[in-house]
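Residue numbers (the numbering used here): 5 to 474.
Here's what the structure looks like:
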């Protein structure tokens, strides 16, 4: 029976529309503020805290992801998803009503808590509803929606800011979010509700504290005008390590661990987690610094700097859809290895770009990286979802997104430090900046190559699982 037939003959279509709609909003909110922030700064001031409007959202969405995954395994998918969506909507409304930069940052953090559950739980719900062949296509569609929302975010933000008010980039989430909540709340039949077990809230607090300290330290690493002193940054790193050790010790002895150690003992989970983390280090660094290279080193316009990533995002979206159709036939391992090969080749090409290189060369390299990302990200997700037990599907799915986000934060911080080390104190020149970014891209190519080697350890095959929701 085809995926389309299953959707038409059941509630799956309505639930899928609700999940995709909510995921579209959560993913778009990560980028939509970019084009609105100059207007916000003009109104509120607080330029020194500009980055925290972005960082606050990223921080809370990352640190809460494993908690949402465990909640879904213990209490079912429906209620945690609706709670996450509700927090996202409330945070959005408060952001739209903010009267100061401090309030906006705080409300963005609340919004991020909700988003931290919407994205992984959406993938879990999709994993529950479909068989292997259908799931591959459905998750490909999910990845495509994520990619489109990332591209659309800055454009929608600019249109709303210019035609109405920057506040509407947040207020618009209310009607669409309520529709998504109604669809999921009404039509999702949750067969996972009220499982035995509990959530390790002490472990959750330890993990969130450790990751918060790590991400705050990474955010301040390599920044010459950092808000925090070097001593405080070092203390944050030390605190993150200490809290991490305490968290691991607790997880080994608690009856209901937040992240079961046995899960990481599975070869499939361990190898895909390592590969995904390395992939996050490389790719998020590229996303952060390619626009800077185009605008500051090559002297191109802000519009060109923003559009240069379009081939990457389009390649990501289109290849996700195609890969979703091919995985049931060929398995996921060839796409993980092939995708990382594309990413590595693209990074090598970026490292060879010079000040006199044509723009099409960079676009081709980024397009190759996008093709690789579309092949790899979806395959890693399906490999894990097809291997773990149903009662661990939530935490296993959220683990992949969580570690990629941590990897991304590490990649941005390390590459930022590499770039900063090449730029002389007192001012930057295109040549010095280009040198620093060249070194950063070489580092990214190296990390991608290591990720490719780790992918060779991923076992082949993907066992079939039947849908158990809706």
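C-beta atoms are modelled at their ideal positions from N, C-alpha and C, and glycine is treated no differently.
Model, not experiment: these values are computed from the prediction.
Helix, strand or coil at residue i [DSSP, three-state]
i	result
residue 383	helix
residue 62	helix
residue 84	helix
residue 106	helix
residue 467	A caution first: residue 467 carries a pLDDT of 48, below 50, which makes its placement in the model unreliable, though a value can still be read off. Residue state, collapsed to three classes: coil.
residue 390	coil
residue 260	coil
residue 364	helix
residue 461	coil
residue 57	helix
residue 433	coil
residue 169	coil
residue 443	helix
residue 101	coil
residue 232	coil
residue 92	helix
residue 251	helix
CB-CB length for residue i against residue j, believed under 8 angstroms
i	j	result
residue 124	residue 299	About 33 angstroms; that fails the 8 angstroms criterion.
residue 262	residue 84	Contact doesn't hold; Cβ gap of about 14 angstroms is too wide.
residue 340	residue 402	With 8 angstroms as the limit, residue 340 and residue 402 do not qualify as a contact, their Cβ atoms being about 20 angstroms apart.
residue 444	residue 293	6 angstroms
residue 400	residue 267	6 angstroms
residue 3	residue 154	This structure cannot speak to residue 3, because the chain is shown only from 5 to 474.
Minimum C-alpha distance to residue i - residue among the options
i	options	result
residue 47	26, 102, 23	102
residue 275	297, 252, 224, 337	337
residue 128	144, 81, 171, 138	81
residue 398	33, 381, 421, 385	385
residue 217	437, 245, 45	245
residue 44	236, 62, 170, 97	170
residue 2	301, 315, 120	There is no way to answer for residue 2, as the model of the chain reaches only from 5 to 474.
residue 280	37, 25, 460, 19	460
residue 172	297, 99, 364	99
residue 61	18, 20, 108	108
Where the alpha helix (DSSP H) through residue i begins and ends
i	result
residue 343	337-355
residue 32	16-32
residue 291	271-296
residue 320	314-334
residue 180	177-191
residue 44	41-48
residue 36	Neither: residue 36 is in no alpha helix (DSSP H) and is coded neither H nor E.
residue 72	69-79
residue 397	397-426
residue 207	205-224
residue 268	265-268
CB contact check: residue i to chain D, cutoff 9 angstroms
i	result
residue 446	Looking for chain D here will not work: only one protein chain is present.
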